[in-house]
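Going by the UniProt record's numbering, the residue at position 181 of the sequence shown is 181; the numbering climbs one at a time, nothing skipped.
Even for Gly, the Cβ is constructed at its ideal location relative to N, Cα and C.
What follows is a short report on a single structure.
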Amino acid sequence: MAQDEDELIRLALEQFPDGVVVADAHDHVVTLNAQARLIRGSRSDGGIAFPLFFGSSVSEDVEQGLGALRTGVAQEFSVVEGDPSTGRVYEHRCVSVKTPEGTYAGTTVTSHDVTDRQLQDARQEPRVRGLQQQVAALQDELPERFVGGMITLVDALEARDRYTRGHSTRVAFLAGKVARRVLGHAADVAEIELAARLHDIGKVAVPDRLLDKPSSLTPEEVVIMDTHPLVGESILRPIAQLHNVATIIRNHHERWDGAGYPDGLSAEHIPVGSRILALADTFDAMTSQRPYRRSLPAAEAREEIARHLGTQFDPTIGQIFLDMISTGEILSEDQLHSEAG
Numbered sequence: 001m002a003q004d005e006d007e008l009i010r011l012a013l014e015q016f017p018d019g020v021v022v023a024d025a026h027d028h029v030v031t032l033n034a035q036a037r038l039i040r041g042s043r044s045d046g047g048i049a050f051p052l053f054f055g056s057s058v059s060e061d062v063e064q065g066l067g068a069l070r071t072g073v074a075q076e077f078s079v080v081e082g083d084p085s086t087g088r089v090y091e092h093r094c095v096s097v098k099t100p101e102g103t104y105a106g107t108t109v110t111s112h113d114v115t116d117r118q119l120q121d122a123r124q125e126p127r128v129r130g131l132q133q134q135v136a137a138l139q140d141e142l143p144e145r146f147v148g149g150m151i152t153l154v155d156a157l158e159a160r161d162r163y164t165r166g167h168s169t170r171v172a173f174l175a176g177k178v179a180r181r182v183l184g185h186a187a188d189v190a191e192i193e194l195a196a197r198l199h200d201i202g203k204v205a206v207p208d209r210l211l212d213k214p215s216s217l218t219p220e221e222v223v224i225m226d227t228h229p230l231v232g233e234s235i236l237r238p239i240a241q242l243h244n245v246a247t248i249i250r251n252h253h254e255r256w257d258g259a260g261y262p263d264g265l266s267a268e269h270i271p272v273g274s275r276i277l278a279l280a281d282t283f284d285a286m287t288s289q290r291p292y293r294r295s296l297p298a299a300e301a302r303e304e305i306a307r308h309l310g311t312q313f314d315p316t317i318g319q320i321f322l323d324m325i326s327t328g329e330i331l332s333e334d335q336l337h338s339e340a341g
């Protein structure tokens with residue numbers, strides 16, 4: 001039985017789609033699978049560092065990383081290296097192996113082919129870089145002109161799809177109403193309204209095929225879509241007057257319970273503007289039709305948000321938002337009991 005289990009483990013390792021290398025504490029390779037041999041050019045010599053570089057010497061980053069594993073300063077590190085002989089790009093994740101007593105015993109390296117991801121990033125980069133160059137050119141001009149240009153861009157993005165047309169305008173209206181009730185400070189309210197107006201600007205880096213997809217996104221596509229808050233922040237961050245706006249946009253998909261993205265912030269650690277924007281954005285999304293689902297009546301969307309107070313949404317601000325809907329401060333009684341268009 002033990003022999004059968006050993007054979008199963010050997011076969012699983014050999015057939016694993018990523019390269020796997022195991023080395024001892026002296027960097028001598030103990031075992032490597034078929035994919036690792038392919039990456040290494042069928043070589044098993046050269047020590048653990050060999051699969052981490054394709055030049056004439058080990059890179060300084062790799063040397064430092066391996067040294068940190070040996071001394072216990074770090075438990076793992078990753079490097080991305082390209083193989084000029086094949087044109088493939090690999091992400092190597094190096095993890096230390098320790099004995100039950102905590103002594104360094106060796107290193108495992110998994111090598112994942114990220115060539116396609118790198119190419120996709122390279123295709124997106126010119127779009128982001130071009131927009132950032134536009135931002136830099138406008139830095140010396142009036143902030144109003146820059147903001148106007150960004151709003152025009154958002155409107156152009158939304159106008160491509162009848163399902164999202166006007167989304168940012170509606171979200172800004174809702175967020176502004178709640179911000180005035182919660183904060184009352186004109187400057188803070190203005191920043192939150194502007195962040196709401198521009199919160200989807202980062203989607204300029206999302207491929208059109210995802211923005212226009214008439215069905216739900218795959219898990220891989222969701223990962224790409226989820227980059228838009230970070231891209232939005234990177235576009236606005238160079239403008240000093242928009243630092244707070246950029247931060248609100250970065251964190252508008254965080255959750256009260258810490259399960260959001262991109263930073264996993266929770267509760268009061270989430271900027272208040274981001275908490276308000278999350279409510280407004282979600283409410284408008286639920287009450288707007290999408291090609292892959294119907295819109296919810298405002299009353300049903302209100303109930304859905306109520307169910308997620310304290311998990312997805314700030315319970316205090318969320319209750320204020322719901323009360324404002326119920327009293328008609330945000331929506332009329334007719335709107336509350338009708339389908340949103």
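For the beta strand (DSSP E) containing residue i, list its first residue and its last residue.
i          : result
residue 77 : 76-83
Using only the alpha-carbon positions, how far apart do residue i and residue j sit?
i           : j           : result
residue 25  : residue 107 : 7 Å
residue 204 : residue 214 : 18 Å
residue 316 : residue 309 : 8 Å
residue 304 : residue 209 : 29 Å
residue 211 : residue 101 : 52 Å
residue 282 : residue 88  : 40 Å
residue 331 : residue 269 : 30 Å
residue 260 : residue 267 : 11 Å
residue 21  : residue 278 : 44 Å
residue 299 : residue 111 : 51 Å
residue 54  : residue 14  : At residue 54 the pLDDT is 47, less than 50, meaning the model places this residue with poor confidence; the figure from the coordinates comes in the next sentence. About 23 Å.
residue 170 : residue 61  : 48 Å
residue 179 : residue 216 : 32 Å
residue 258 : residue 7   : 42 Å
residue 243 : residue 36  : 45 Å
residue 337 : residue 255 : Below a pLDDT of 50, predicted positions are generally treated as unreliable, and residue 337, at 41, falls in that range; the measurement from the model is reported next regardless. Using only the alpha carbons, I get a separation of about 28 Å.
residue 307 : residue 166 : 27 Å
Among the options, whose alpha-carbon lies nearest the alpha-carbon of residue i?
i           : options               : result
residue 295 : 304, 285 and 303      : 285
residue 66  : 311, 28 and 216       : 28
residue 198 : 31, 231 and 35        : 231
residue 38  : 23, 17 and 254        : 17
residue 247 : 255, 226, 271 and 225 : 271
residue 104 : 23, 321 and 311       : 23
residue 40  : 115, 221, 75 and 85   : 85
residue 253 : 64, 273, 179 and 235  : 273
residue 239 : 302, 325, 154 and 133 : 133
residue 202 : 173, 183, 151 and 263 : 151
residue 224 : 311, 117, 265 and 93  : 117
Based on DSSP bridge pairs, tell me the residues matched to residue i.
i           : result
residue 313 : 309
residue 111 : 19 and 92
residue 32  : 21
residue 104 : 98
State the start and end residues of the unbroken alpha helix (DSSP H) segment that holds residue i.
i           : result
residue 21  : Residue 21 -> not in any alpha helix (DSSP H); beta strand (DSSP E) instead, spanning 19-24.
residue 169 : 167-182
Between residue i and residue j, which are expected to be in contact by the criterion C-beta below 8 Å, what is the C-beta distance as a whole number of angstroms?
i           : j           : result
residue 190 : residue 175 : Actually they do not touch by this definition, with Cβ atoms about 11 Å apart.
residue 345 : residue 185 : The displayed coordinates of the chain run from 1 to 341. Any statement about residue 345 would go beyond what the structure contains.
residue 371 : residue 76  : Nothing about residue 371 can be reported from this structure: the residues present for the chain run from 1 to 341 only.
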